[in-house]
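Only one structure is covered here, and it is reproduced in the block below.
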Amino acid sequence: MNEQYGLQLIDEFLKVLISNPFKKNDELILSVLSTLNNLSYYYTAEFDRDIFHIKQVDIMEAISEYVNCQNVDCVIEAIRILGNLSRSKITRSYVIQKNIFSQLIKILDEDNLNLLKTTVGVFVNLMADNKNRVLFKNSGGTGKLIRILNQYGSYDWVLTMLICQVLWNFCIDTVNLYELISDNEMQQLLSILADFLDEEKLFGITDTNEDLEIYSAPDYMIWEEFANVATNLLEKIEHFLDTLEQIESAGNIKTKDSNTNLSFAAW
Numbered sequence: 001m002n003e004q005y006g007l008q009l010i011d012e013f014l015k016v017l018i019s020n021p022f023k024k025n026d027e028l029i030l031s032v033l034s035t036l037n038n039l040s041y042y043y044t045a046e047f048d049r050d051i052f053h054i055k056q057v058d059i060m061e062a063i064s065e066y067v068n069c070q071n072v073d074c075v076i077e078a079i080r081i082l083g084n085l086s087r088s089k090i091t092r093s094y095v096i097q098k099n100i101f102s103q104l105i106k107i108l109d110e111d112n113l114n115l116l117k118t119t120v121g122v123f124v125n126l127m128a129d130n131k132n133r134v135l136f137k138n139s140g141g142t143g144k145l146i147r148i149l150n151q152y153g154s155y156d157w158v159l160t161m162l163i164c165q166v167l168w169n170f171c172i173d174t175v176n177l178y179e180l181i182s183d184n185e186m187q188q189l190l191s192i193l194a195d196f197l198d199e200e201k202l203f204g205i206t207d208t209n210e211d212l213e214i215y216s217a218p219d220y221m222i223w224e225e226f227a228n229v230a231t232n233l234l235e236k237i238e239h240f241l242d243t244l245e246q247i248e249s250a251g252n253i254k255t256k257d258s259n260t261n262l263s264f265a266a267w
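Each residue of the sequence shown is one higher than the last, beginning at 1 in full-length UniProt numbering.
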């Protein structure tokens with residue numbers, strides 16, 4: 001986008017979003033939010049002169065109220081913009097400072113698939129910061145994602161993949177998974193992931209019965225993307241539990257809580 005005219009254009013869009021007379025026009029607001037979403041889709045935090053990098057705080061201030069408005073379509077578009085901008089640490093910090101994080105957590109209890117998918121996508125980026133991971137844990141985020149997996153996981157592989165990516169980013173730097181995920185949650189994840197990774201059950205693929213056409217089917221290709229992320233997550237959990245069992249067998253630890261001092265190679 002042309003820098004000179006782009007800044008002016010965004011300013012005009014933001015005036016519409018914050019102007020009380022315009023706020024009453026849902027169709028206009030939705031159009032502006034959709035346009036900002038499309039324009040910010042290619043935003044990258046690597047370029048300080050990017051228009052959306054320069055204006056990200058102004059944009060966040062303008063769209064914040066729409067994250068929690070009554071019009072679900074407007075909420076989805078606002079969160080999509082937030083997701084695009086959350087590639088930047090500045091926006092991620094803003095989400096915490098202005099209590100938007102808690103609003104996103106509440107949305108995880110909703111049952112609108114498009115809204116859930118959009119919101120989970122934002123959490124993929126938010127998990128880049130340790131502060132957000134702690135807040136996610138304290139807000140019961142893992143349990144909420146497990147609920148979504150149980151309810152919708154096998155119906156939407158894109159949503160399921162995003163959830164696994166959030167959980168992977170959430171625990172990627174952690175050696176002791178019990179610091180972030182309870183034993184009950186871990187056992188649920190093991191069961192769900194093993195079930196969702198069962199090619200024979202889902203697609204009828206076995207060593208002796210392999211239909212090559214399945215591999216080019218859109219549903220399988222989407223599932224395969226999920227499987228790549230889910231396998232990493234499953235193996236990380238299994239590696240942790242196996243190592244923990246070995247340590248316990250050696251009599252080095254007695255309990256399995258978040259205060260346990262584990263000493264073994266990080267994943």
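Built from N, CA and C at the ideal position, the CB exists for glycine as well.
With C-beta atoms as the reference, is Asp109 less than 8 Å away from Lys144? yes
So, under 8 Å CB-CB, Ile10 and Lys55 are touching, yes? Tell me the CB distance rounded to an integer number of Å. 5 Å
What does the alpha-carbon distance come out to for the pair Tyr215 and Asp198? 15 Å
Pick from Ile172, Cys74 and Ile163 that is closest to Ile146, judged by C-alpha positions: Ile163
For residue 273, name the three-state secondary structure that DSSP assigns. Given a span of 1 to 267 for the chain in the structure shown, any question on residue 273 remains unanswerable.
Within the chosen definition, does the segment 131 to 138 reach the segment 148 to 157 through at least 3 CB pairs nearer than 8 Å? no
Compute the distance between the beta-carbons of Val120 and Val67, then report whether it is under 8 Å. no
With burial defined as no fewer than 16 other Cβ atoms inside 10 Å of the residue's Cβ, what is the status of Thr231: buried or exposed? exposed
Determine, using beta carbons only, whether Ile63 and Ala78 come nearer to each other than 8 Å. Contact flag set, yes.
Could you tell me the distance, in whole angstroms, from the CA atom of Gly141 to the CA atom of Ile105? 7 Å
Short of 7 Å in beta carbon distance, which residues of its chain neighbour Gly153, apart from the five on each side in sequence? Order them along the chain. Thr160, Ile192 and Phe196
Near Leu85, what residues of its chain come up, given a Cβ to Cβ distance below 7 Å and the 5 sequence neighbours on each side ignored? Ser40, Tyr43, Phe52, Gln56, Ile59, Met60 and Thr91
According to DSSP, simplified to helix, strand and coil, what is Asn150? helix
Note down, in chain order, each residue of its chain lying with its Cβ closer than 8 Å to the Cβ of Asn71, except the 5 sequence neighbours on either side. Asp26, Ile29 and Leu30
Can you tell which of Ser139, Tyr5 and Tyr155 has the C-alpha that lies nearest to the C-alpha of Asn114? Tyr155
Tell me whether the beta-carbon of Ile96 lies closer than 8 Å to the beta-carbon of Leu135. yes
Lys23 to Ile76, Cα distance in whole Å? 16 Å
Tell me, please, whether the CB atom of Ile63 is closer than 8 Å to any CB atom in chain B? Within the model displayed, chain B is absent; a lone protein chain is all it includes.
Where the alpha helix (DSSP H) containing Met221 begins and where it ends: Pro218 to Ser249
C-alpha gap between Ala227 and Ile205, whole angstroms: C-alpha separation (whole angstroms): 14 Å.
Along the chain, where does the alpha helix (DSSP H) that runs through Met186 open and close? Asp183 to Phe196
DSSP-derived helix/strand/coil call for Gly6: helix
Excluding five sequence neighbours on each side, which residues of the same chain lie with their C-beta closer than 7 Å to the C-beta of Val158? Lys117 and Ile222
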